[in-house]
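Position one of the sequence shown corresponds to residue 819 (our numbering), numbered consecutively onward.
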Amino acid sequence: MTWLSDDVATHLQNVAARPDLSGTRYEIVEEIARGGMGIVYEAIDHELNRRVAIKVVSPDSRGEAQLIAGLEHPGIIPIHDAGTLADGRAFYVMKVVRGTTLREKPPRTIAEAVRLCVRICEPVAFAHARGIAHRDLKPSNVMIGEFGEVLVMDWGVGVAGTPGYMPPEQQAGPSADVYALGTMLKEMIAATGESIPRRLAAVLTKATAPADRYASARDLADDLLRFLDGQPVVAYPENIFDAVLRWLDRNRALIAIVAAYLVMRVIVLLFAHR
């Protein structure tokens, strides 16, 4: 008996799992990703002469394609086609995306992290407004494209979340997505090594709190935008001292100009009286 090496055995398994698309307009090129919800291949669409991504899923996951097809948003990859393989597995055809995941390329500053989180929130908020939750938000499911586009991937209807990004109550829904968004933002900020402003820390606490969490991704994004604009945030009740500090921070350029003007006036007056 000849024993196969692990590499050879894995290769044979991959070949055996490769979808048979004979008789269709598609030709498989290579596997590009796999996870609990299925395998993604890069393929050639011979009818339109373009590269596409084909995701093959189990028969009970075919509802994923219908779910994504109803979410027409720039931050969600569009569905081009769908069908069923001879072995009963379902497949759907999507735009192929070039880039890196958020896990592979985290932001370098707090401001960059907050802006990126807002962009992730946008397609999630779009889905929430239509009664759909992602259920498995995590850095590996966020793609940053070659031209800076932000795409939220893997809208699987059958998943139950990933440990570390699931809320304590272990329930799926918009609130669980908010928890995952808050957790991802915490990780992004921690990776920058910068100290967290109090108002932003309050936003993170509210996003991941067991109770009184933001109701949706839209509410979280709105508070993050208020933080970026130097406005009061819902998560942090201000006193007068906080308001003054926020005003000073927001108007640094104006204060610098006024200070420079006053210094120049003093210098002019001093020279005028010599």
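For each residue, glycine too, the CB sits at the ideal point set by N, CA and C.
Item: Through-space distance from V1051 to L1042, alpha-carbon basis; Value: 8 Å
Item: Under 9 Å between C-beta atoms of M912 and P957; Value: no
Item: Helix, strand or coil at A1027 [DSSP, three-state]; Value: coil
Item: Nonlocal neighbours in the same chain, by C-beta distance under 7 Å from P924, ignoring five residues either side; Value: M1006 and A1009
Item: Rounded C-alpha distance that separates V960 from A1035; Value: 15 Å
Item: Nearest neighbour of P892, chosen from D1040, T902 and G963 [CA to CA]; Value: G963
Item: Buried or exposed by the 16-neighbour rule on C-beta atoms within 10 Å, applied to V833; Value: In this prediction, V833 has a pLDDT of 49, which is less than 50 and means its spatial position is unreliable; what the coordinates show is noted afterwards. Exposed is the call here.
Item: M984, DSSP secondary structure in three states; Value: coil
Item: Pick from P941, V870 and A951 that is closest to E849, judged by C-alpha positions; Value: V870
Item: For A904 and P1028, the rounded distance between their alpha carbons; Value: 46 Å
Item: Alpha-carbon to alpha-carbon, Q989 and R921; Value: 24 Å
Item: Identity of the residues DSSP links to V870 by a beta bridge; Value: A861 and K913
Item: Where G1000 falls, given that 16 or more other Cβ within 10 Å makes a residue buried; Value: buried
Item: Exposure of F965, with buried meaning 16 or more beta-carbon neighbours within 10 Å; Value: exposed
Item: With 16 other Cβ atoms within 10 Å as the buried cut-off, status of P981; Value: exposed
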